[in-house]
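The structure appears below as structure tokens.
2 protein chains.
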Amino acid sequence: MSRSTLMPMEEAIVELLCMAQAQRLQDSEPVLLSDARQRVLASDLVATLDLPPWPNSAMDGYVLNVDDWNGQPLAVSQRIFAGQAPEALLPGTCARIFTGAPVPEGANSVEMQENVELLDDGRVHFNQPLTVGQNIRPQGQENRAGQVLLHAGKRLGPFELAIAAAQGFTHVHVVRRPRIALLSTGDELAEPGMPLKPGCIYNSNRTLLSHWLSALGCEVIDGGILPDQPQCTRLKLEQLQHAADLILTTGGVSAGDADCLGQVLRECGKPLFWKLAIKPGKPLTVGYFGSVPVIGLPGNPMSALVTFGLLARAYLLRIQGVEDVTPLSFPVHVGFDWPKAGSRREYLRAKLEEGRAVLYPNQSSGVLLGASWADGLVEIPEGCTLHVGDSARFIPFCDLF
Amino acid sequence: MSRSTLMPMEEAIVELLCMAQAQRLQDSEPVLLSDARQRVLASDLVATLDLPPWPNSAMDGYVLNVDDWNGQPLAVSQRIFAGQAPEALLPGTCARIFTGAPVPEGANSVEMQENVELLDDGRVHFNQPLTVGQNIRPQGQENRAGQVLLHAGKRLGPFELAIAAAQGFTHVHVVRRPRIALLSTGDELAEPGMPLKPGCIYNSNRTLLSHWLSALGCEVIDGGILPDQPQCTRLKLEQLQHAADLILTTGGVSAGDADCLGQVLRECGKPLFWKLAIKPGKPLTVGYFGSVPVIGLPGNPMSALVTFGLLARAYLLRIQGVEDVTPLSFPVHVGFDWPKAGSRREYLRAKLEEGRAVLYPNQSSGVLLGASWADGLVEIPEGCTLHVGDSARFIPFCDLF
Numbered sequence: 016m017s018r019s020t021l022m023p024m025e026e027a028i029v030e031l032l033c034m035a036q037a038q039r040l041q042d043s044e045p046v047l048l049s050d051a052r053q054r055v056l057a058s059d060l061v062a063t064l065d066l067p068p069w070p071n072s073a074m075d076g077y078v079l080n081v082d083d084w085n086g087q088p089l090a091v092s093q094r095i096f097a098g099q100a101p102e103a104l105l106p107g108t109c110a111r112i113f114t115g116a117p118v119p120e121g122a123n124s125v126e127m128q129e130n131v132e133l134l135d136d137g138r139v140h141f142n143q144p145l146t147v148g149q150n151i152r153p154q155g156q157e158n159r160a161g162q163v164l165l166h167a168g169k170r171l172g173p174f175e176l177a178i179a180a181a182q183g184f185t186h187v188h189v190v191r192r193p194r195i196a197l198l199s200t201g202d203e204l205a206e207p208g209m210p211l212k213p214g215c216i217y218n219s220n221r222t223l224l225s226h227w228l229s230a231l232g233c234e235v236i237d238g239g240i241l242p243d244q245p246q247c248t249r250l251k252l253e254q255l256q257h258a259a260d261l262i263l264t265t266g267g268v269s270a271g272d273a274d275c276l277g278q279v280l281r282e283c284g285k286p287l288f289w290k291l292a293i294k295p296g297k298p299l300t301v302g303y304f305g306s307v308p309v310i311g312l313p314g315n316p317m318s319a320l321v322t323f324g325l326l327a328r329a330y331l332l333r334i335q336g337v338e339d340v341t342p343l344s345f346p347v348h349v350g351f352d353w354p355k356a357g358s359r360r361e362y363l364r365a366k367l368e369e370g371r372a373v374l375y376p377n378q379s380s381g382v383l384l385g386a387s388w389a390d391g392l393v394e395i396p397e398g399c400t401l402h403v404g405d406s407a408r409f410i411p412f413c414d415l416f
Numbered sequence: 016m017s018r019s020t021l022m023p024m025e026e027a028i029v030e031l032l033c034m035a036q037a038q039r040l041q042d043s044e045p046v047l048l049s050d051a052r053q054r055v056l057a058s059d060l061v062a063t064l065d066l067p068p069w070p071n072s073a074m075d076g077y078v079l080n081v082d083d084w085n086g087q088p089l090a091v092s093q094r095i096f097a098g099q100a101p102e103a104l105l106p107g108t109c110a111r112i113f114t115g116a117p118v119p120e121g122a123n124s125v126e127m128q129e130n131v132e133l134l135d136d137g138r139v140h141f142n143q144p145l146t147v148g149q150n151i152r153p154q155g156q157e158n159r160a161g162q163v164l165l166h167a168g169k170r171l172g173p174f175e176l177a178i179a180a181a182q183g184f185t186h187v188h189v190v191r192r193p194r195i196a197l198l199s200t201g202d203e204l205a206e207p208g209m210p211l212k213p214g215c216i217y218n219s220n221r222t223l224l225s226h227w228l229s230a231l232g233c234e235v236i237d238g239g240i241l242p243d244q245p246q247c248t249r250l251k252l253e254q255l256q257h258a259a260d261l262i263l264t265t266g267g268v269s270a271g272d273a274d275c276l277g278q279v280l281r282e283c284g285k286p287l288f289w290k291l292a293i294k295p296g297k298p299l300t301v302g303y304f305g306s307v308p309v310i311g312l313p314g315n316p317m318s319a320l321v322t323f324g325l326l327a328r329a330y331l332l333r334i335q336g337v338e339d340v341t342p343l344s345f346p347v348h349v350g351f352d353w354p355k356a357g358s359r360r361e362y363l364r365a366k367l368e369e370g371r372a373v374l375y376p377n378q379s380s381g382v383l384l385g386a387s388w389a390d391g392l393v394e395i396p397e398g399c400t401l402h403v404g405d406s407a408r409f410i411p412f413c414d415l416f
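Protein chains in written order, with my numbering: chain X, 16 to 416; chain E, 16 to 416.
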């Protein structure tokens, strides 16, 4: 196959996101904060409160008004704990105050307790110069009521859900879960727990992808293992097409006689067979069965992993409304030589050791052990050679989930 | 407070891990692969199979024996699909073979179909020179039966669970979930959904930490909100001490009169009050109530976030047996000046933009919005100044979950 027929990664992502844009999920639902992790906001989260709701003390100490203070020791006129609504400060006095407690009306400065001296008569002597506003967290320092705190399309993790809780929300309004029919194709696949017949292997892609789909907020419809028979394949896809937002398959996407997924899509759908300029992961089937989108990943575990992580993941986030679907990446120095430029962009399993990317020894697309060993993928652009110490882009796995 | 009294981060981690080592969870349980994400292996996962179990074809093509081939076209004696057990190769013939199908006995080379010519008489003409082993994935290329695939103490994600599935396992043997009693202390805290009284704020730390604890494989026992009353605090801790492996609190850990958690630990336990040389997050209470470990995080959201992410997380992973509890980090160039050296190590919320770490404008410890905006934390060592373009360590948030 000549290099000119391969599809560059950027083009594949643009095409997939374009397809996703047309499949954006419209329904949303209110979900308890405790159940909303890894879901996507359906509408902007707007503050109902200033935060903090009132100026409060950042320290345990004493609060006073420095503008009418003459430098003399002050009597303590009240004690203000967090959670209390204080009286206005009596002129010519200070107040004991604790971290988080509201600053009383008429006061404008907090001195930490370590810097004062308590006199025998109960008055407080301030040793250090004081400034207006010191050790006070102003009202609205974090946000103002009415401000958009999180935009529609934001994925919700512990930080975002805590931001919603701080506003007093018990629920968030999220996009409904995408329903993904997951199918493994191939006569060679056996279910874990069953005896292994000659020529067969256990299906690991379903485990890989069903956990990954859940982490991306999806509901998985387990379509099981499909034998290499066009009739079965067509029947199964017909069953699933009304239940699923996407049919995701592994295996059966190269051009061989046994690849009946492609055959069925040619008969009953709109298949697009992409030969991607990446390694691992060249063959990818993208298309429609009837009106339901289909993404057919290659069957080799690492090929499935790379195409799911770098392509299908972006599709699944975008149909939920996530704007920024580009995974975190950063430049690293490579700890290896890459003397022979490839015609495809390579994604290599690597670990970061003292700031350098070190390769897993076996980069075969059948080998999944290296993904568990690695911290992420080093990207080697097509046509590129590298020497130890050169820079390359690194995509950590942790951001792909 | 003089700098010399502050505890360096490294020392705090060593102390916490030492405490965790003594609290290692001993019980384990078999768990279905579908339920085992974010759990920790209790014993080594040992391969029962060579993988692949037999040599197989990496391509759709034709398989032959190059050692007894004279360069002439060969007749096709069988077709071998994935999942089939082939006959031994008839001498002087080749066989049609598909990706993943076993290589028959007596064959040692696969040519991809794009490089052959099918003659009218059905024979196959090989256009290119052939080598032994080409396009064949050897038996055991990924692993050998008996090999340790994953060591006890490994956290299980989609990759690791797929590795277990590929061996035919339906279950993995994991450490039991740590049971963590989560308490928020402070009279100022209100439950989301309830009306907000003057001087009060909504409790966001519980939402932050309960999601985070779940992501670390923990079972959360919700201890609710504790008022600032030593009697209530003692009663609550007494209730929880027999149910929990750890009591995790937020708030009430500085030295103020209202900090009754410290007071109760002084009376009924072994408190250690640490003043950490970090910002945010200086005050941390670590100790025991009776025999149950207690970690008391500061109440400010960012202080709770940083101390949980960099300290409590390591503790929680280690009691489950995880060896490497150091979060992923890497050097970045900073996109800001840091002209004034601090006496504490600072953790700043930052985003990576074109390979540079850019700061969230408001780094106050009360402000959680920046954590959602940011990709992670830039670490500025104590006593250090930086200029735009200098290098600093970056800890991405995604690896802290």
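Virtual Cβ for every residue (Gly too), placed ideally from N, Cα, C.
| Item | Value |
| --- | --- |
| My output table needs one value for X:Gln93: the three-state DSSP class, helix, strand or coil. | strand |
| To be precise: take each residue of the stretch 86-106 of chain E, compare its Cβ to all Cβ atoms of chain X, and keep it if any distance is under 9 Å. Which residues remain? | Arg94, Ile95, Phe96, Ala97, Gly98, Gln99, Ala100 and Pro101 |
| State the Cα-Cα distance for the pair X:Phe141 and E:Leu401, rounded to the nearest angstrom. | 35 Å |
| With DSSP as the reference, label X:Arg18 as helix, strand or coil. | Residue placement at X:Arg18 is flagged as unreliable, the pLDDT there being 44, under the threshold of 50; a coordinate-derived value is accordingly withheld. |
| Once you ignore the five residues that flank E:Gln149 on each side, which residues in its own chain have a CB closer than 7 Å to its CB? | Ser124 and Val125 |
| Would you say E:Leu56 and E:Ser219 are within 8 Å of each other, going by their C-beta atoms? | no |
| Looking at chain E, which residues of the stretch 333-354 of chain X have a Cβ within less than 7 Å of any of its Cβ atoms? | Leu343, Phe345, Pro346 and Val347 |
| Compute the Euclidean distance between the alpha carbons of X:Arg192 and X:Phe184, then round it to the nearest angstrom. | 21 Å |
| What whole-angstrom Cβ distance do X:Ala196 and X:Leu280 have, given they're in contact under 8 Å? | Not confirmed; about 14 Å, so no contact. |
| Report yes if the CB atom of E:Leu299 is closer than 8 Å to the CB atom of E:Thr322, and no otherwise. | yes |
| I'd like to check one pair, X:Ala110 with X:Tyr77: are the Cβ atoms closer than 8 Å? | yes |
| Ignoring anything shorter than 3 residues, give me the beta strand (DSSP E) runs that lie fully in the stretch 71-121 of chain X, in order along the chain. | 76-79, 90-95 and 108-112 |
| Consult DSSP for E:Leu32 and reduce its assignment to one of helix, strand or coil. | helix |
| Under 8 Å: do the stretch 242-255 of chain X and the stretch 315-329 of chain X share three or more Cβ pairs, one atom per stretch? | no |
| Please decide whether X:Ile151 counts as near chain E, where near means a Cβ-Cβ distance under 8 Å. | no |
| If you run the structure through DSSP and keep just helix, strand and coil, what is E:Asn220? | helix |
| Quick check on DSSP: helix, strand or coil for X:Tyr375? | coil |
| Leaving out five residues on either side along the sequence, give the residues of the same chain with a beta carbon under 6 Å from the beta carbon of E:Leu64. | Ala160 and Gln182 |
| What's the gap between the Cα of E:Pro45 and the Cα of X:Ala230? | 22 Å |
| Between the beta-carbon of E:Ser306 and the beta-carbon of E:Leu241, is there less than 8 Å? | no |
| Any C-beta of chain E sitting closer than 8 Å to the C-beta of X:Ser17? | With a pLDDT of 44 at X:Ser17, under the threshold of 50, the modelled position of that residue is not reliable, and no figure is offered here. |
| Closer than 8 Å, Cβ to Cβ, to anything on chain X: give me those residues from the stretch 213-236 of chain E, in chain order. | Pro213, Gly214, Cys215, Ile216, Tyr217, Asn218, Ser219, Asn220, Arg221, Thr222, Leu223, Leu224, Ser225, His226, Trp227, Ser229 and Ala230 |
| Let me know the alpha helix (DSSP H) ranges lying completely inside the stretch 330-394 of chain E, each 4 residues or longer, listed in chain order. | 384-388 |
| Sorted by chain position, which residues of the same chain lie with C-beta nearer than 6 Å to X:Arg333's C-beta, five sequence neighbours on each side aside? | Leu32, Ala35 and Val340 |
| If the cut is a Cβ gap below 9 Å, which residues of chain X does E:Thr185 touch? | Glu206, Pro207 and Gly208 |
| For chain E, check one thing: does any of its Cβ atoms lie closer than 8 Å to the Cβ of X:Gly370? | yes |
| Helix, strand or coil for E:Ser306? Go by DSSP, reduced to three states. | coil |
| Out of curiosity, what's the CA-to-CA distance linking E:Ile112 and X:Asp260? | 35 Å |
| Counting only Cβ-Cβ distances shorter than 8 Å, please list the residues of the stretch 385-399 of chain X near chain B, keeping chain order. | Any reference to chain B falls outside this structure, whose protein chains are X and E. |
| Which same chain residues, not among the five before or five after X:Gly12, have their C-beta less than 8 Å away from its C-beta? | Residue coverage of chain X in this structure runs from 16 to 416, which leaves residue 12 of chain X outside it and unanswerable. |
| From this set, E:Ile310, E:Lys294, E:Thr114 and E:Gln335, which residue's C-alpha is nearest E:Val393's C-alpha? | E:Lys294 |
| As a quick exercise: from E:Asp75, E:Gly98 and E:Leu105, pick the residue whose alpha carbon is nearest that of E:Leu89. | E:Leu105 |
| Per DSSP, what kind of secondary structure is X:Arg328 in: helix, strand or coil? | helix |
| Which of the three DSSP states, helix, strand or coil, is assigned to X:Phe6? | Nothing in the structure corresponds to residue 6 of chain X, since chain X is present only between 16 and 416. |
| Taking just the CA atoms, how far does X:Leu66 sit from X:Glu361? | 47 Å |
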